[in-house]
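Below: one structure, written as C-alpha cells.
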Amino acid sequence: MMPAPRPLMRLAAWLCALALPGLATAQDAPRSGYSYMEPETQALQDDDFLNPGFFLVDQGLALWQQPMGPEGQSCAGCHGAVETAMRGVAARYPAFDPAADRLMNLELRIQAEMAGRMQATPFDYSAPEMLALTAVISLQSRGLEMRPEINDETLPYLDMGREIYETRRGQLNLACLHCHDDHAGERLRGDVISQGQINAFPIYRLLWSEAGSRHRMFEWCMQSVRAEPFARGSDEFVALELYLAQRGAGLAMEAPGVRR
Ligand code: HEC
Ligand code: HEC
1 MMPAPRPLMR
11 LAAWLCALAL
21 PGLATAQDAP
31 RSGYSYMEPE
41 TQALQDDDFL
51 NPGFFLVDQG
61 LALWQQPMGP
71 EGQSCAGCHG
81 AVETAMRGVA
91 ARYPAFDPAA
101 DRLMNLELRI
111 QAEMAGRMQA
121 TPFDYSAPEM
131 LALTAVISLQ
141 SRGLEMRPEI
151 NDETLPYLDM
161 GREIYETRRG
171 QLNLACLHCH
181 DDHAGERLRG
191 DVISQGQINA
201 FPIYRLLWSE
211 AGSRHRMFEW
221 CMQSVRAEPF
231 ARGSDEFVAL
241 ELYLAQRGAG
251 LAMEAPGVRR
C-alpha cells in the first residue's frame, strides 16, 4: 500500500483534534472543486492548449479510431464521431446496465464494449489508455449538467453509496462527509478542502504529476485516513460514484479538470 501523503496527514490530524459535529449537517449547494483552486490552477484548466489533460484527450481520440480485436473493429466504426456519439453520455453515468445486471461507470462500460462487442482484451481499469478514452468521452459532456438517472435499479446503489460516504473508517476514524461537508472551504497550510465533487474527472493532479480517475481519488482519500480502500472498479466505489454524482447533480461537467 502507498504511504499516505504527508500534508494531508497533517490536515487529517488537525481535523481529528477538532470536536467533529455529528452526521446531521445541512449540505451546502453543490460547488465545483474548480472554485476552490488558486487562479493559476484555474487558468491551467481553462486553456485547452496548456491544460495537461488534453494530452490524454489526443491519445483518446486516436484510440477511438484504432482497430482492436480479431475483427479489427474500432469504436468509431460502430459509433461514428466521438463528438456526436458520446455527447452527454458521461454526464449521466454511472448508469444501470440491464445485460450485465449491474451499475456501470464509464470505465466498466468501456471494458464491456471491448470484451463483448470487439472480443478484445479490455484495458486495465487504471491503464493510461483507459484514462485517455474516459477523457475524450467525458470532454463531450463539458458544460452539460451532471445528472445520473435515479430509478428502481439505481436506487439501491445510491443508498449503498451514501452509507459508504457517511461511514467513519480508518485509524483516523473519519467519514468522507467529515471533510467534504463539514469542513469544505477550510484552509490549512495551503490545503483547501473542497466538497469532493466528481464533475471534473479524469483530472490532471499536480500533486501526482499525472492524471487520475475518480476511483484513484477515492483511494487516495481513504488511504489518507489510514483506511483500507475498496478496489478500483468495485461495486462499492461505483456506488460511491453514483452517490457523489447525485449529490452534485446540476454541476457543469468540466473534464479534463486540473487540480492541485
Ligand atoms: C481527512 C479529510 C478527507 C477525507 C476524510 C476525505 N477526503 Fe476527499 N479530499 C481531501 C482533500 C484534502 C482533497 C484535495 C483537495 C480537494 O479537492 O478537496 C480531497 C479531494 C477529493 C476529491 C476531488 C475533488 C475535485 O474537485 O477534484 C474527491 C472526489 C474526494 N476527495 C472524495 C472523497 C471521498 C469519496 C471520501 C470518502 C471515501 C473522501 N474524499 C474522504 C480530504 C479528505
Ligand atoms: C460492434 C459495434 C460497437 C463497437 C465496436 C463499440 N460499440 Fe459502444 N456501443 C455499441 C452499441 C450498439 C451500444 C448500445 C447502443 C448505444 O448506446 O449506442 C454501445 C454503447 C456504448 C456506450 C454507452 C452509451 C450510453 O449511452 O450509455 C459507450 C460509452 C460505448 N458504447 C463506448 C464504446 C467504446 C469506447 C468503444 C471502443 C473501445 C465502443 N463503444 C465500441 C456498439 C459498439
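Residue numbers (full-length UniProt numbering): 1 to 260.
By construction, the Cβ of each residue, glycine as well, lies at the ideal position given by its N, Cα and C atoms.
Query raised in the report: With 16 other CB atoms within 10 Å as the buried threshold, where does residue 75 fall?
Result: buried
Query raised in the report: Quick one: what's got a C-beta closer than 8 angstroms to residue 48's C-beta in the same chain, skipping five residues either side?
Result: 54
Requested in this report: Just mark residue 257 as buried or exposed, buried being the case when its beta carbon has 16 or more other beta carbons within 10 Å.
Outcome: buried
Report task. Would you kindly work out how many angstroms separate the C-alpha atoms of residue 137 and residue 165, rounded to a whole number? Result -> 27 angstroms
Query raised in the report: Going along the chain, which residues of its own chain have a beta-carbon closer than 7 angstroms to the beta-carbon of residue 130, five neighbours each way excluded?
Result: 107, 110, 123, 124
Query raised in the report: Whose C-beta lies closer than 7 angstroms to the C-beta of residue 240 among residues of the same chain, with five residues either side of it excluded?
Result: 161, 164, 165, 218
Requested in this report: For residue 233, collect the residues of the same chain with a Cβ closer than 7 angstroms to its Cβ; drop the 5 residues on either side in sequence, then sort them by chain order.
Outcome: 107, 108, 125, 215
Report task. Take the Cβ of residue 119 as the centre, count every other Cβ of all protein chains shown within 10 Å, and call the residue buried at 16 or more, exposed below. Result -> exposed
Report task. Please state if the CB of residue 64 and the CB of residue 82 are separated by a distance shorter than 8 angstroms. Result -> yes
Query raised in the report: So residue 204 is in the beta strand (DSSP E); what residue range does that whole segment cover?
Result: 203 to 205
Requested in this report: To the nearest angstrom, report how far apart residue 231 and residue 45 are at their CA atoms.
Outcome: 29 angstroms
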